[in-house]
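Take a look at the structure below.
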Amino acid sequence: EPEVTQTPSHQVTQMGQEVILRCVPISNHLYFYWYRQILGQKVEFLVSFYNNEISEKSEIFDDQFSVERPDGSNFTLKIRSTKLEDSAMYFCASRDAAGTQYFGPGTRLLVL
Amino acid sequence: AQRVTQPEKLLSVFKGAPVELKCNYSYSGSPELFWYVQYSRQRLQLLLRHISRESIKGFTADLNKGETSFHLKKPFAQEEDSAMYYCALRRLTGGGNKLTFGTGTQLKVEL
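Chains as they are written, first to last, in our numbering: chain A, -16 to 95; chain B, 204 to 314.
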């Protein structure tokens, strides 16, 4: 059964550095999402992406965040200048035609 | 704005006992409700969606619009049901596809 994949599984970075989190959505899905979960807190929506543009974003998704679909398979989340509070688990998801979102295994980001 | 509330952080039951994981929501429009499950060291997986009205792994959930609830139930808990359960909402009206999650309930099934 096809699955959403994410790389890397863990990323440690210094405050102020740029990070790129990568996702490969399920191949015939058209809607893509990023969510994050700070330790001990709820899963929060960051951004949704459809037809090569952002369709919705949350207040969390400020100017330091960007998303891109650089080719036909990858979907990336870039954080330009990481802050300590960006430390979280980041989940990618893609949605099928019936509206079900399928989640990747997550990337654990630690900002030091 | 929509909100999902799961009042219990941890629910501990004995094997064979009934389980009810509570979920309440607030949203003025028409919602679609989901239950996602996360087993230890695994990804979030869809367990149920209210539109499908199906039973998965013995779990059922009924949307009660009057009480704005979508509680997850299973008559007899199994050890393998131990996991983190998240209730989530998606707007059916007003556009948008994002999921709004509750804080989750850790279910522990003891022998």
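Just so it is clear, CB atoms sit at the ideal spot from N, CA and C, and this is done for glycine as well.
Residue i versus residue j: straight-line alpha-carbon distance, rounded
i, j, result
"residue 292/B", "residue 209/B", "12 Å"
"residue 266/B", "residue 273/B", "5 Å"
"residue 268/B", "residue 227/B", "10 Å"
"residue -3/A", "residue 61/A", "15 Å"
"residue 237/B", "residue 251/B", "6 Å"
"residue 233/B", "residue 224/B", "22 Å"
"residue -15/A", "residue 9/A", "6 Å"
"residue 203/B", "residue 12/A", "With chain B covering 204 to 314 only, the question about residue 203/B has no answer from this structure."
"residue 35/A", "residue 246/B", "26 Å"
"residue 71/A", "residue 27/A", "11 Å"
"residue 58/A", "residue -10/A", "11 Å"
"residue 204/B", "residue -1/A", "32 Å"
"residue 68/A", "residue 41/A", "16 Å"
"residue 295/B", "residue 257/B", "19 Å"
"residue 86/A", "residue 75/A", "6 Å"
"residue 285/B", "residue 231/B", "33 Å"
"residue 281/B", "residue 311/B", "10 Å"
"residue 283/B", "residue 289/B", "17 Å"
"residue 279/B", "residue 264/B", "15 Å"
Given residue i as reference, the closest of the options once Cα atoms are compared
i, options, result
"residue 313/B", "216/B, 243/B, 258/B", "216/B"
"residue 253/B", "245/B, 220/B, 262/B", "262/B"
"residue 18/A", "0/A, 34/A, 36/A, 48/A", "48/A"
"residue 29/A", "38/A, 37/A, 53/A, 44/A", "44/A"
"residue 88/A", "288/B, 282/B, 244/B, 270/B", "244/B"
"residue 229/B", "270/B, 311/B, 307/B", "270/B"
CB contact flag (residue i, residue j, <8 Å)
i, j, result
"residue 219/B", "residue 25/A", "no"
"residue 77/A", "residue 14/A", "yes"
"residue -8/A", "residue 16/A", "no"
"residue 249/B", "residue 309/B", "no"
"residue 92/A", "residue -6/A", "yes"
Integer Cβ distance of residue i from residue j, believed to fall under 8 Å
i, j, result
"residue 22/A", "residue 73/A", "With 8 Å as the limit, residue 22/A and residue 73/A do not qualify as a contact, their Cβ atoms being about 12 Å apart."
"residue 276/B", "residue 240/B", "Not really, about 14 Å apart at Cβ, beyond 8 Å."
"residue 2/A", "residue -12/A", "With a Cβ gap of about 18 Å, residue 2/A and residue -12/A do not count as contacting."
Classification of residue i by the beta-carbon crowding that lies within 10 angstroms, buried from 16 upward
i, result
"residue 242/B", "exposed"
"residue 65/A", "buried"
"residue 260/B", "exposed"
"residue 301/B", "buried"
"residue 81/A", "exposed"
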